[in-house]
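Just so you know, we're using this note's numbering here: the sequence shown kicks off at 155 and counts up by one.
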Amino acid sequence: MTTKLNKALDNYCRRTGRALERPVVFMFDMDGILFDSMPGHCKAWKAVCDQYGIDSDPDEFYITEGRTGASTIDMLYRRQFGRPASDSEAKEMYARKCELFKALGEPPVIPGAKQATETVLAAGAVCVLVTGSGQKSNLDRLDREFPAAFLPQHRVTAYDVTHGKPDPEPYIIGMEKVGAEPWRAVGIDNAPLGVESSSRSGAFTIGVRTGPLPAGALLDAGADIELNSMTECAEIISRLLLLDRGV
Ligand code: MG
């Protein structure tokens, strides 16, 4: 693990021109990082597409994961109907998708996710949420499952961004929330578009393969390190918190 981390830190330094210093902020994506919600999201997207007469494959939503709901719906409309979705169509379809998702029940917390956030807090660093989601049922649950980890002023959701992932804006806003420089920030995401967003923001980027993506897919998307579980991620976080503070 140490060799893998050292290699990742070298990669980061090469691609950004700066060495990572002891991070002050860890930015967590929500779906597929904190909650094992992706199977449910894929099911709900497929079901709502069927209702709207849109052809889709449930697995395609693992690939487009990270986009905002509005952006996903726009893509689906253009593909199926050859035109963008109107604001009211997108709002209605997204509300329906959220209902279908909620009806599936609460997704489990991902093993290792609590340990990861607790490690950050114990070291006096800050957790920030950076999600493309606007799913109220999951956002409301954060306080219950991760008490005091994601303060209201430390959340970036679908409602806070003009350009969603893979644009770097969501992770840049995440750093701005705590006034952190990119070389003192870490982004943690499970989706190629989310990893790309974090990587382009200049933050050290951890890709965690919690879904059916092939090995290496998150490195290809720009991750500095690719891990297979949030338990591994918690261990890497504790190592990063031992880095030099810099000058
Ligand atoms: Mg995700």
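In this text, a Cβ means the ideal position worked out from N, Cα and C, and glycines have one as well.
Beta-carbon proximity check, residue i vs residue j, cutoff 8 Å
i	j	result
Ile379	Ala270	no
Leu396	Cys387	no
Val282	Lys319	no
His195	Phe182	no
Thr364	Met384	yes
Ser352	Gly370	no
Pro346	Leu372	yes
Arg338	Pro177	yes
Pro261	Asp190	yes
Leu188	Ile264	yes
Arg221	Gly286	yes
Ile208	Gln234	yes
Ser210	Lys197	no
Lys251	Gly223	yes
Residue i - partner residues in DSSP beta bridges
i	result
Phe180	Cys281 and Val340
Leu367	Paired residue(s): none; Leu367 is not in a bridge.
Leu381	Val362
Val263	Phe189
For residue i, three-class secondary structure by DSSP
i	result
Gly361	strand
Val315	coil
Asp185	strand
Arg354	helix
Arg309	strand
Val401	Residue confidence for Val401 is low, a pLDDT of 47 falling below 50, so the modelled location carries little weight and cannot support an answer.
Pro346	helix
Glu389	helix
Asp275	It is worth fixing the name first, because residue 275 is Leu in this sequence and not Asp. Here Leu275 sits in helix by DSSP.
Gln205	helix
Ile335	Correcting the residue type first, residue 335 is Glu in the shown sequence and not Ile. Here Glu335 sits in coil by DSSP.
Gln289	coil
Contact set for residue i: own chain, Cβ-Cβ below 7 Å, skip 5 residues either direction
i	result
Tyr206	Met247
Ile143	Missing from the structure shown is residue 143; the chain here goes from 155 to 401 and no further.
Tyr325	Met181, Val284, Gly341, Ser351, Ser352, Ser355 and Ala357
Cβ-based neighbour list, residue i, same chain, cut-off 6 Å, excluding 5 preceding and 5 following
i	result
Leu296	Phe304
Arg354	Pro322
Ala239	Ile227, Asp228 and Tyr231
Asp343	Asp183, Val349 and Ser352
Glu219	Ala345
Sequence-distant residues of its chain with Cβ nearer than 8 Å to residue i (five each side left out)
i	result
Cys167	Ala173 and Leu174
Next item on the list: Could you name each continuous alpha helix (DSSP H) segment of 4 residues or more that falls completely within the region 208 to 258, going from the start of the chain to the end?
Entry: Within the region 208 to 258, complete alpha helix (DSSP H) segments of at least 4 residues are found at 214 to 217, 223 to 235 and 241 to 257, given in chain order.
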